[in-house]
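To start, the structure under review is shown below, and the notes come after it.
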Amino acid sequence: MNLLALESSTETLSLALQTAAGLLTFDEVTGPAASQRILPEIQRLLTEADVRLAALSGLVYGTGPGAFTGVRVAVGVAQGLAFGANLPVVGISSVLAVAETAWQTVQAEKVVVCLDARMGEVYHAALVRQADGWLEVLPPIVCKPQEVPALEGAGWIGAGAGWRVFEQLLLEKYSGQVGNVYPDMMPKASAMLMLAQPLFAAGNTQPAQAAAPLYVRNRVALTAAERAQGQRL
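Count along the sequence shown from 1, add 30, and you get the number used in this note's numbering.
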């Protein structure tokens with residue numbers, strides 16, 4: 031199965047191309063330049079793998095939640111490429127991709143994902159690994175770090191950049207429940223490929239026109255004062 035995954039909901043642009051020859055990846059902090067970098071880097075991976083876009087089995091895109099502009103980049107590019115090549119798509123949330131990254135990296139089975147949502151908030155979710163995948167114990171929300179929902183039990187790990195920004199507040203909230211914290215874990219396209227493969231195998235895909243973001247936060251713009259203060263969505 032040949033699959034291309036793209037994720038740009040954070041400061042990092044993450045791409046992964048799986049073919050019969052192996053896995054090619056691109057992970058780089060690009061910030062706002064993701065919109066200019068994503069298509070050339072996709073073409074570079076396809077060229078390196080010597081495979082045409084139309085020869086892929088489908089595309090995997092990051093739905094968010096995350097930075098509005100970044101989420102729109104991944105969704106829009108995936109939709110455009112898939113429509114042009116008549117390929118199916120699968121969307122994977124950024125919090126699920128972080129949990130899968132934690133599993134692949136440190137075999138974590140209980141993950142509290144906190145991504146930096148700017149404006150003094152986090153994108154929060156809690157996931158538990160099961161035999162057939164991940165269970166969202168707490169679905170993605172956006173909230174202040176001191177208002178994150180309560181967890182049940184211990185043995186959790188923390189993952190995502192929100193833990194770097196608000197580590198003290200979050201550890202106080204989850205005292206005795208969260209052990210190790212991995213603030214550098216981000217949603218990676220290679221993890222998305224692992225999550226998407228069984229969906230493609232089962233035929234649980236979408237047509238290109240059905241690709242859609244998961245925003246969570248309803249605000250899509252800042253006030254002039256907030257922009258002047260350097261805040262970002």
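Cβ coordinates follow ideal geometry from the N, Cα and C atoms, glycine included.
Here the structure is a predicted model, which means the values were calculated and not measured.
From Ala-138, Arg-148, Gln-160, pick the residue whose C-alpha is nearest to that of Met-215; which is it? Ala-138
Can you tell which of Gly-188, Leu-244, Ala-232 has its C-alpha closest to the C-alpha of Pro-118? Ala-232
In the DSSP assignment, find the beta strand (DSSP E) that holds Thr-49 and state where it starts and stops. 42-49
Distance, Cα to Cα, Thr-55 vs Gly-88? 16 Å
Mind checking Ala-251: buried by the 16 CB within 10 Å criterion, or exposed? Reliability of the predicted coordinates at Ala-251 is poor, the pLDDT of 45 falling under 50, and the value obtained from them is presented with this limitation in mind. The residue in question, Ala-251, is exposed, as its Cβ has fewer than 16 Cβ neighbours within 10 Å.
Identify whether Arg-67 lies in helix, strand or coil by the three-state DSSP scheme. helix
How should Leu-126 be labelled, buried or exposed, when 16 other C-beta atoms within 10 angstroms of its C-beta is the threshold for buried? buried
Could you pull the start and end residues of the alpha helix (DSSP H) that Arg-194 belongs to? 192-195
Considering only the beta carbon of each residue, do Ala-219 and Ser-44 sit closer than 7 Å? yes
Opening and closing residue of the beta strand (DSSP E) in which Val-167 lies: 163-173
Note down, in chain order, each residue of its chain lying with its Cβ closer than 7 Å to the Cβ of Ala-221, except the 5 sequence neighbours on either side. Ala-127, Glu-130, Thr-131, Gln-134
Starting from the Cα of Leu-244, find the closest Cα among Pro-95, Gly-185, Leu-200 and give me that residue. Pro-95
Can you tell me which of the three DSSP states Lys-203 falls into? helix
Take Gly-192 and list the residues in its own chain whose beta-carbon comes closer than 6 Å to its own, dropping the five residues that flank it on each side. Cys-144, Leu-145, Asp-146, Val-152
By the three-class DSSP mapping on this structure, what secondary structure does Val-108 have? A quick correction: the sequence has Ala, not Val, at residue 108. In the structure shown, Ala-108 sits in a helix (DSSP, three-state: H, G or I).
Contact between the region 204-215 and the region 180-188 (3+ Cβ pairs under 8 Å): yes
Going by beta carbon distance, what residues of the same chain come within less than 8 Å of Lys-203, once the five residues before and after it are set aside? Pro-175, Gln-176, Val-178
Compare the beta carbon distance of Ala-241 and Ala-108 with 7 Å and say whether it is the shorter of the two. yes
Name the DSSP beta bridge partners of Gly-92, please? Ile-122
Can you tell me whether DSSP reads Val-178 as helix, strand or coil? coil
Val-59 burial status per 10 Å Cβ neighbour count (16 or more: buried): exposed
8 Å CB neighbourhood of Thr-49 in its chain, flanking five on each side removed: Asn-32, Ala-79, Val-81
As a quick exercise: from Gln-73, Gly-110, Val-158, pick the residue whose alpha carbon is nearest that of Tyr-91. Gly-110
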